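Input: a single structure, listed below in structure tokens.
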Amino acid sequence: MGRLDQILAATDDHIMRASRVSQRAVKPARRRIGSRIALVALLLALAGGGFMAWKHQDRLRAMLPNTELNDILARAQKALDAGNLDGSEGSSARELFQVARSLDQDNDIARRGMREVGEKLLARAHDALKRNDAGLARQSAAAARELLGGGAAVEDIEKSIAALDARGTEAETLLGKAQAAFDAGRLLGDDGAVALYQRALASDTGNSLARAGISRSVDALAEQAKAAFAVADLATAATRIEDIARILPGYPSLPDLRAELGKQRDAAAAAIESDLAQAEAQLRAGRIAGAAGSAQSLFESVLQRDAGNARAKAGLRRVAQALIVQARAALEDSNAGTAERLLKQAQAMAGDLPELRAANVDLRELRERLAIAAERPVATAADLERVRNLISEADAASAAGRLINPPGNSAYDKYRAALAIDGENKAALAGLAAIPVRARAIFDEQLAEGGLNRALGMLEVVRQFAPADPSLSSMSERLANAFLDLADTRIGEKLPADAERALQSARKLSPANPRLSPIETRLRGLATPAAG
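When you line the sequence shown up against the numbering used here, it's residues 1 to 532, in that order.
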């Protein structure tokens with residue numbers, strides 16, 4: 001209003017002066033009228049301009065140069081470029097742009113600056129999240145929300161911060177469990193310290209406690225490997241070294257542990273070789289079992305260190321075979337107790353030996369004979385005569401090929417009847433022992449004459465009385481080929497049923513015989529036209 005009053009006063013002053021001039025004018029009337037019109041127009045223009053200036057005085061004032069505002073905006077931009085986005089000392093970009101806004105609410109530079117600060121704060125929050133710095137991310141996101149007024153980008157970063165907080169909580173829980181497992185000495189397994197520390201690290205990749213926990217756990221595994229070295233437990237040491245390599249491949253002591261393992265393995269291999277050579281020498285010298293330096297103890301010592309050592313396993317089988325030989329000598333002397341002890345030792349070392357099964361059969365028979373002899377009264381002359389007759393009948397049955405059949409009239413039954421009267425009768429014992437020998441002879445005869453079923457019966461006698469007989473395999477193959485020859489003949493004679501029976505007998509005797517397949521093919525060819 002003050003400036004408008006000044007304008008109006010100036011206007012009145014001009015009018016008064018103009019009036020005085022008009023009274024003294026000596027010009028013509030037309031000139032005076034024109035001057036007055038111009039003066040009135042000028043006065044009106046001045047009055048209108050003054051009014052407009054008064055009405056828009058604030059806007060005009062804003063258009064004038066403002067040194068303070070420009071200085072603040074320049075400082076704010078400089079802070080923004082330097083990354084000094086937020087603070088509390090009045091020097092950050094956010095604070096300076098806010099001061100500029102307070103001086104001029106409509107200032108576009110300040111408004112754009114505030115938005116740019118918000119966007120850079122969002123970028124800072126993202127970068128902090130990548131480094132798992134939840135505190136800085138949360139602070140930057142909160143400041144960005146104030147400046148940007150929210151939005152999808154702000155909400156996304158806040159969700160990511162919440163997820164990081166959740167992972168941090170999970171990591172803390174896992175760290176507690178891992179420490180408890182470590183204290184309990186439970187390092188490996190799904191619930192072991194290593195696995196739990198690894199899960200914590202996966203949840204929070206920057207967690208130094210989890211990394212340190214893994215390192216401490218690997219240190220403990222290395223100590224276990226060293227302890228295993230001290231007692232020559234190379235299997236455990238190797239397993240622990242493998243665990244370390246899997247968990248922490250760059251573990252500094254890993255090369256040294258591997259070198260020590262190689263060194264001890266070489267030493268162990270040399271010791272095993274020495275013990276094997278000594279065990280084999282003891283076996284040849286007859287020092288089979290019992291003493292600490294026996295073949296058995298040395299072979300077993302090797303297997304304790306190298307469970308898969310084939311040479312030691314084979315050596316123990318040879319020890320078992322030697323014990324069976326000793327057991328048979330005890331059986332010959334009717335020493336059932338010694339024989340049983342030796343056979344039990346052999347059983348523990350090689351229970352699948354065929355000669356072991358045969359020796360056990362002989363042991364049972366010896367015990368039966370001894371039991372019968374203990375209960376039997378002293379044989380009379382009539383008993384002895386009866387024994388002689390039974391042995392004679394048994395010999396005749398053997399010569400006739402009646403080895404085990406018919407029941408009661410076979411060589412086997414006659415010899416057993418004689419032994420029931422005189423359990424130590426050498427002729428009866430020899431006759432029983434000769435039954436498998438006689439069966440092999442009859443087998444050869446019947447095979448040559450084409451009596452294949454009779455030969456098969458003799459093969460079964462040998463299997464029953466001498467299961468360890470080395471000729472059993474060749475006997476089976478010879479008889480199988482004879483049945484295959486018969487099947488081939490019957491196919492040629494167009495007798496498929498007979499051929500099939502012969503083929504089945506051959507298959508039972510020798511399942512892997514290479515002749516089976518082609519003969520089966522010929523038999524199917526014979527049967528197909530008949531079916532059509």
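Beta carbons are placed, not taken as given, at the ideal position from N, Cα and C, and that holds for glycine.
Computed from a prediction, not measured in an experiment: that's the story for all the values here.
Span separating the alpha-carbon of residue i from that of residue j
i: residue 74; j: residue 124; result: 22 Å
i: residue 92; j: residue 83; result: 9 Å
i: residue 499; j: residue 425; result: 48 Å
i: residue 533; j: residue 495; result: Here the chain comprises residues numbered 1 to 532, so residue 533 is not present and cannot be evaluated.
i: residue 61; j: residue 78; result: Annotation note: pLDDT 47 at residue 61 (below 50); position unreliable, coordinate value reported separately. Distance between the alpha carbons of residue 61 and residue 78 is about 27 Å.
i: residue 158; j: residue 171; result: 20 Å
i: residue 346; j: residue 181; result: 47 Å
i: residue 524; j: residue 518; result: 10 Å
i: residue 249; j: residue 233; result: 23 Å
i: residue 89; j: residue 100; result: 16 Å
i: residue 513; j: residue 507; result: 8 Å
i: residue 327; j: residue 486; result: 44 Å
i: residue 119; j: residue 177; result: 41 Å
i: residue 353; j: residue 304; result: 22 Å
i: residue 72; j: residue 150; result: 26 Å
i: residue 448; j: residue 459; result: 14 Å
i: residue 398; j: residue 501; result: 29 Å
i: residue 464; j: residue 301; result: 37 Å
i: residue 341; j: residue 251; result: 55 Å
i: residue 199; j: residue 136; result: 24 Å
i: residue 254; j: residue 138; result: 42 Å
i: residue 489; j: residue 475; result: 21 Å
i: residue 205; j: residue 131; result: 9 Å
i: residue 280; j: residue 333; result: 29 Å
i: residue 404; j: residue 308; result: 45 Å
i: residue 207; j: residue 201; result: 6 Å
i: residue 175; j: residue 203; result: 11 Å
i: residue 146; j: residue 155; result: 12 Å
i: residue 505; j: residue 406; result: 23 Å
i: residue 160; j: residue 210; result: 22 Å
i: residue 440; j: residue 462; result: 7 Å
i: residue 389; j: residue 371; result: 23 Å
Contact set for residue i: own chain, Cβ-Cβ below 8 Å, skip 5 residues either direction
i: residue 282; result: 288, 293, 294, 295 and 298
i: residue 258; result: 241
i: residue 477; result: 509, 510 and 513
i: residue 503; result: 483, 484, 487, 516, 519, 520 and 523
i: residue 215; result: 248
Residues of its chain near residue i, where Cβ-Cβ distance is below 6 Å and the 5 sequence neighbours each way are ignored
i: residue 121; result: 85, 140, 143 and 144
i: residue 213; result: 178 and 197
i: residue 367; result: 336
i: residue 338; result: 330
i: residue 103; result: 69
i: residue 400; result: none
Own chain residues within Cβ distance below 7 Å of residue i, not counting five before or after
i: residue 229; result: 237, 260 and 264
i: residue 97; result: 76, 110, 113, 114 and 117
i: residue 421; result: 379, 383, 386 and 387
i: residue 318; result: 283
i: residue 369; result: 419 and 423
i: residue 186; result: 192 and 193
i: residue 243; result: 188 and 221
Residue-chain proximity (residue i, chain C), Cβ-Cβ < 8 Å
i: residue 82; result: Absent from the structure: chain C. Only one protein chain is present.
Practice prompt. Could you tell me whether the region 387-398 touches the region 406-425, where touching means 3 or more Cβ pairs closer than 8 Å?
Written response: yes
Worksheet item: Given 8 Å as the limit, is there contact between the region 441-455 and the region 471-482, that is, 3 or more CB pairs closer than that?
Response: yes
Worksheet item: For the 8 Å Cβ check, are there 3 or more pairs between the region 270-278 and the region 301-316?
Response: yes
Item to complete: For the region 326-375, list the alpha helix (DSSP H) runs that are entirely contained and at least 4 residues long, ordered along the chain.
Response: 336-349 and 354-375
Discussion item. Check whether the region 357-366 and the region 456-468 touch, using three or more Cβ-Cβ pairs below 8 Å as the test.
Written reply: yes
Fill in: Cβ contact (3+ pairs, closer than 8 Å) linking the region 429-444 and the region 319-327
no
Worksheet item: For the region 230-312, which segments carrying the alpha helix (DSSP H) assignment without a break, of at least 4 residues, lie completely within its bounds, in sequence order?
Response: 234-247, 254-284 and 295-305
Discussion item. I'd like the ranges of any beta strand (DSSP E) spanning at least 3 consecutive residues and lying wholly in the region 493-526.
Written reply: none
Item to complete: Any chance you could list the beta strand (DSSP E) runs of at least 3 consecutive residues sitting entirely within the region 126-210, in chain order?
Response: none
Practice prompt. Tell me the start and end of each unbroken alpha helix (DSSP H) in the region 386-428 that is at least 4 residues and wholly inside, in chain order.
Written response: 411-421
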